[in-house]
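*Asks:* Below is the structure I would like to discuss, written out as structure tokens.
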Amino acid sequence: MTLSRRRDNGCLVKIVVTVKQVPDPNSATILESDYTIARDREVVLDPGDECGIEEGLQLKEAHGGEVILVSMGPERAKDAIRKGLSMGADRGVLITDVQLAGADALLTARALAAAIKPEQPDLVICGTESYDGSTGMVPPMLAELLGLPQLTIAKKVEVDGSNIKVHRQTADGYQVVEASTPALITVTAGIAEPRYASLKGIMAARSKEIKQLGLADLGVERGDPGETIEGVADAEARKAGAIIQDDGTAVDRILQVLTQAKVV
Amino acid sequence: MAKVWVYAEMSGGKLQSTALELMAKARELGDVDAIALGAGARAAAATLGKHGAKAVHVNEDTAFDDFIAEPAADALAALQDQQQPDLILFAFTPDSRDVAGRLAARLGKGLISNSGDVHAKDGGFVATVPYFGGAKVASMRANGKPAIVLVRPKSFEASETGGTAEVKDLAVTIGDGSKRAKIVERVAEASEKVKLEDAKVVISGGRGMGGPDNFPLLEALATALGGAVGASRAVVDAGWVPYSMQVGQTGKSVRPGVYIAVGISGAMQHTVGMKASKVIIAINKDAEAPIMKMADLGVVGDALKIVPALTAAVQAKKK
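Residue numbers (the working numbering), protein chains in the order written: chain V, 132 to 395; chain X, 11 to 329.
Now the structure itself:
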């Protein structure tokens with residue numbers, strides 16, 4: 132089945148995937164000893180977004196069309212877009228502007244919406260939440276600003292004509308949620324195993340377009356932030372207790388603790 | 011007094027426990043109105059009253075149960091126009107997140123997400139959020155009115171104060187334009203086991219478990235202790251176990267009597283969701299793992315040997 136709307140450029144479906152460059156979740160050091168973020172820390176394409184790109188590519192392969200990656204970040208975030216392009220996405224858009232440093236969720240959503248709107252996508256795919264921020268507020272804000280329905284936390288997606296159906300993860304199972312496209316979905320990391328970029332894909336990505344846009348290009352004003360950091364304090368730390376090597380007595384020690392806690 | 015709202019999340023006709031947790035904090039901050047939408051809202055109003063709500067705005071339109079976020083955002087936006095609350099509290103749960111994000115964008119207001127506490131300060135509201143991956147706590151001031159704050163479940167303890175809420179009908183028409191993302195089926199996959207959030211003992215597994223085939227070892231220990239099994243984000247993302255088992259910032263927050271972390275290094279993403287546990291036991295090959303620094307008892311050893319031995323010892327002791 133194919134999406135019903137045929138476009139001028141011959142694409143059957145236009146899919147936008149939002150992507151973000153984040154500190155590498157697998158790199159050991161998150162913080163310097165003074166609690167600042169390590170400047171030279173490796174940055175990567177958010178692993179959750181890789182799954183979103185993969186889902187977009189699979190839909191494209193099944194239904195035809197175009198996959199466009201839209202990101203916001205410093206110039207080096209082009210690397211994250213380039214990685215997605217090497218997986219097979221068609222082109223990228225990077226929103227970058229010094230005024231966007233420290234942007235909150237609403238400003239981020241505004242900038243993304245302004246960049247995505249002219250594309251008139253049939254489908255917008257976002258990760259459920261980013262690896263670094265993990266607040267998950269940008270996708271519903273983006274859906275509202277784009278005037279799209281939101282089908283969130285999808286672990287499975289089916290497209291049939293202009294109908295989209297997802298399995299939305301819940302605490303005790305899932306819901307089947309349906310809508311007509313255009314729509315925005317957020318996907319879990321379990322939705323699709325991201326492919327590795329082939330050498331051919333990496334070569335092809337070099338010549339793919341990454342359009343760079345600033346706030347002025349988008350007609351978005353920074354405005355006053357919705358929230359301001361008043362102070363930062365150490366998180367309440369638990370004191371370390373005993374650390375023992377298992378020399379055969381560990382089970383007894385654990386049992387003691389369980390008994391003291393009255394659970395056995 | 012500040013006008014404080016609690017978005018009382020309903021699911022399957024039932025008031026969610028997070029709503030009552032929010033009530034406990036909200037009533038410290040001002041006069042509280044709760045908003046309950048969908049099946050069971052009217053019945054929920056009585057409970058919300060007992061927990062300190064002065065008024066509960068209800069609407070039992072089936073659209074609230076059948077469609078994601080948009081009908082609820084419509085209702086809240088309409089009521090917000092009339093009532094101009096100072097603060098709206100949401101639970102940091104999937105359903106409430108969908109609604110809160112949509113509402114904030116419509117009102118053009120910022121929001122503070124993943125908060126652990128809220129307090130009044132200088133005529134406004136300040137909420138704490140994990141910062142730098144949870145090593146720090148930032149105090150964030152909400153600049154807009156209403157301030158919108160999403161609070162992690164289990165941050166506050168629900169308690170009754172006694173009282174009766176005035177039940178008010180929330181008049182709103184949900185147009186077809188908001189009936190778009192439709193829930194057509196609900197599928198339950200969970201078994202009849204102890205719920206993770208309510209368990210007195212939680213045993214969680216991480217990468218150190220070696221693979222999904224070893225998780226039954228944790229199940230056996232959980233059964234022996236009458237507890238539930240959780241997991242780190244790493245193994246959920248790897249597809250070893252379902253998301254419903256994930257403990258942490260983007261999973262469930264738990265505070266059991268005893269938390270046993272098996273093969274979990276203790277990334278902030280995980281510890282944010284379990285560090286309020288009364289007693290923490292960690293079993294890990296690596297003595298330097300961050301989890302060891304917060305455990306009451308850290309055992310350096312082979313989890314695949316220790317866990318079955320512990321299960322047998324617990325079973326023997328029960329006899």
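Quick reminder that beta carbons are idealized off the backbone N, C-alpha and C, glycines included.
Remember, predicted model here, so these are calculated numbers, not experimental data.
How many Å lie between Ile98 (chain X) and Ala54 (chain X) at the Cα?
*Replies:* When rounded, the distance between both Cα atoms is 18 Å.
*Asks:* At which residue ranges does the stretch 198-281 of chain V contain complete alpha helix (DSSP H) runs of 4 or more residues, listed in the order of the chain?
*Replies:* Listed in chain order, the complete alpha helix (DSSP H) runs (minimum 4 residues) inside the stretch 198-281 of chain V are 209-218, 236-247 and 269-277.
*Asks:* Just confirm the distance between the C-beta atoms of Pro163 (chain X) and Ala101 (chain X), as a whole number of angstroms; I'd bet it's less than 8 Å.
*Replies:* So it is a contact: roughly 6 Å between Cβ atoms.
*Asks:* Check whether the stretch 285-298 of chain X touches the stretch 244-252 of chain X, counting contact only when three or more Cβ pairs, one atom from each stretch, lie closer than 8 Å.
*Replies:* Not touching, per the Cβ criterion.
*Asks:* Could you tell me the alpha carbon to alpha carbon distance between Asp165 (chain V) and Ala145 (chain X), rounded to whole angstroms?
*Replies:* With a pLDDT of 47 at Asp165 (chain V), under the threshold of 50, the predicted position of this residue should be treated as unreliable, though the coordinate-derived value follows. So the two alpha carbons sit approximately 11 Å from each other.
*Asks:* Does DSSP put Ile322 (chain V) in a helix, in a strand, or in coil?
*Replies:* Correct three-state label for Ile322 (chain V): coil.
*Asks:* Taking Cβ positions, are Thr245 (chain V) and Leu349 (chain V) nearer each other than 8 Å?
*Replies:* Strictly speaking, residue 245 (chain V) in this sequence is Ala, with Thr absent from that position. Yes, the Cβ-Cβ distance between Ala245 (chain V) and Leu349 (chain V) is below 8 Å.
*Asks:* Taking the continuous beta strand (DSSP E) assigned at His67 (chain X), which residues delimit it?
*Replies:* Its beta strand (DSSP E) spans residues Ala65 to Asn69.
*Asks:* By Cβ distance, which residues of its chain are closer than 7 Å to Gly283 (chain X), with the 5 residues on each side in sequence left out?
*Replies:* Around Gly283 (chain X): Val257, Gly258, Gln259, Gly261, Lys262, Ser263 and Val264.
*Asks:* What residues of chain X sit near Arg384 (chain V), judged by a beta carbon separation below 8 Å?
*Replies:* Here the neighbours are Leu307 and Val309.
*Asks:* Check the Cβ-Cβ distances between Ala114 (chain X) and every residue of chain V, and say whether any is below 8 Å.
*Replies:* True, the Cβ-Cβ gap to chain V drops below 8 Å.
*Asks:* Please tell me whether Met203 (chain V) has its Cβ less than 8 Å away from any Cβ of chain X.
*Replies:* No, no contact with chain X.
*Asks:* Any beta carbon from chain X within less than 8 Å of Asp165 (chain V)'s own beta carbon?
*Replies:* Low local confidence applies: a pLDDT of 47 at Asp165 (chain V) is under 50, so the model's placement there is unreliable, and no value is given.
*Asks:* Relative to chain V, which residues along the stretch 116-133 of chain X have a C-beta separation below 7 Å, given in chain order?
*Replies:* So the close ones are Arg116, Lys119, Gly120, Leu121, Ile122, Ser123 and Asn124.
*Asks:* When burial is assigned at 16 or more other CB atoms within 10 Å of the CB, is Leu330 (chain V) buried or exposed?
*Replies:* Counting Cβ neighbours within 10 Å, Leu330 (chain V) comes out exposed, since fewer than 16 surround it.
*Asks:* Check for me: the alpha helix (DSSP H) holding Pro140 (chain X) runs from which residue to which?
*Replies:* Note, Pro140 (chain X): premise wrong, no alpha helix (DSSP H); beta strand (DSSP E) at Gly134 to Tyr141.
*Asks:* May I have the straight-line CA-CA distance separating Ala36 (chain X) from Ala152 (chain X), to the nearest angstrom?
*Replies:* Roughly 16 Å between the two C-alpha positions.
*Asks:* Report yes or no: is there a C-beta of chain V within less than 8 Å of the C-beta of Asp84 (chain X)?
*Replies:* Chain V, which has no Cβ nearer than 8 Å to the Cβ of Asp84 (chain X), makes this no.
*Asks:* What is the residue span of the beta strand (DSSP E) that Pro154 (chain V) lies within?
*Replies:* Note, Pro154 (chain V): beta strand (DSSP E), Gln152 to Pro154.
*Asks:* Is it right to say Gln376 (chain V) is buried, meaning 16 or more other beta carbons lie within 10 angstroms of its own, or is it exposed?
*Replies:* Exposed: under 16 other Cβ atoms inside 10 Å.
*Asks:* Thinking just about the alpha-carbon of each residue, which of X:Ser287, X:Ile184, X:Gly40 and X:Ile193 is nearest to the one in Phe135 (chain X)?
*Replies:* For Phe135 (chain X), the nearest C-alpha among the options comes from X:Gly40.
*Asks:* Hey, would you say Ala85 (chain X) sits closer than 8 Å to Val182 (chain X), going by beta carbons?
*Replies:* Closer than 8 Å, so yes.
*Asks:* Which residues in the same chain have their Cβ closer than 8 Å to the Cβ of Ala87 (chain X), if we skip the five residues on either side of it in sequence?
*Replies:* These residues qualify, in order along the chain: Leu113, Arg116 and Leu117.
*Asks:* Which chain V residues are close to Arg217 (chain X), counting only those with a beta carbon under 9 Å from its beta carbon?
*Replies:* Neighbours of Arg217 (chain X) on chain V: none; closest Cβ ~11 Å, over 9 Å.
*Asks:* Along chain V, which residues have their Cβ under 8 Å away from the Cβ of Thr260 (chain X)?
*Replies:* Within chain V, the residues near Thr260 (chain X) are Thr259, Glu260, Ser265 and Gly267.
*Asks:* Assign Asp291 (chain V) to one of two classes, buried (16 or more other C-beta atoms within 10 Å of its C-beta) or exposed (fewer than that).
*Replies:* With fewer than 16 Cβ atoms within 10 Å of its Cβ, Asp291 (chain V) is classed as exposed.
*Asks:* Taking the Cβ atom as the reference point for each residue, do Ser242 (chain X) and Gly216 (chain X) lie within a distance shorter than 8 Å?
*Replies:* For Ser242 (chain X) and Gly216 (chain X), yes; Cβs fall inside 8 Å.
*Asks:* Would you call Arg207 (chain V) buried or exposed, if buried means 16 or more other Cβ atoms sit within 10 Å of its Cβ?
*Replies:* Burial call: exposed.
*Asks:* Please report how far the alpha carbon of Leu254 (chain V) lies from the alpha carbon of Leu282 (chain V), in whole angstroms.
*Replies:* Their Cα atoms are separated by approximately 11 Å.
*Asks:* Report yes or no: do the stretch 57-69 of chain X and the stretch 258-277 of chain V share at least 3 C-beta pairs separated by less than 8 Å?
*Replies:* Result no; under three Cβ-Cβ pairs closer than 8 Å.
*Asks:* For Phe77 (chain X), which three-state DSSP category applies?
*Replies:* Strand.
*Asks:* From which residue to which residue does the alpha helix (DSSP H) around Cys343 (chain V) run?
*Replies:* A small fix is needed here, since residue 343 (chain V) is Gln in this sequence, not Cys. Here Gln343 (chain V) belongs to no alpha helix (DSSP H); instead the beta strand (DSSP E) covers Ile341 to Leu344.
*Asks:* I'd like to know whether the C-beta of Ile193 (chain X) is nearer than 8 Å to at least one C-beta of chain V.
*Replies:* By this cut-off, Ile193 (chain X) is an interface position.
*Asks:* Which runs of the beta strand (DSSP E) at least 3 residues long sit entirely within the stretch 240-287 of chain X? Give them in chain order.
*Replies:* With a minimum length of 3 residues, the continuous beta strand (DSSP E) runs that stay inside the stretch 240-287 of chain X are 268-272.
*Asks:* Please report how far the alpha carbon of Arg107 (chain X) lies from the alpha carbon of Ile158 (chain X), in whole angstroms.
*Replies:* Looking at the two C-alpha atoms, the distance is approximately 11 Å.
*Asks:* For the stretch 302-325 of chain V, list every residue whose C-beta sits within 8 Å of some C-beta in chain X, in sequence order.
*Replies:* The residues in question are Ala302, Asp303, Gly304, Tyr305, Gln306, Val307, Val308, Glu309, Ala310, Ser311, Ala314, Thr319, Ala320 and Gly321.
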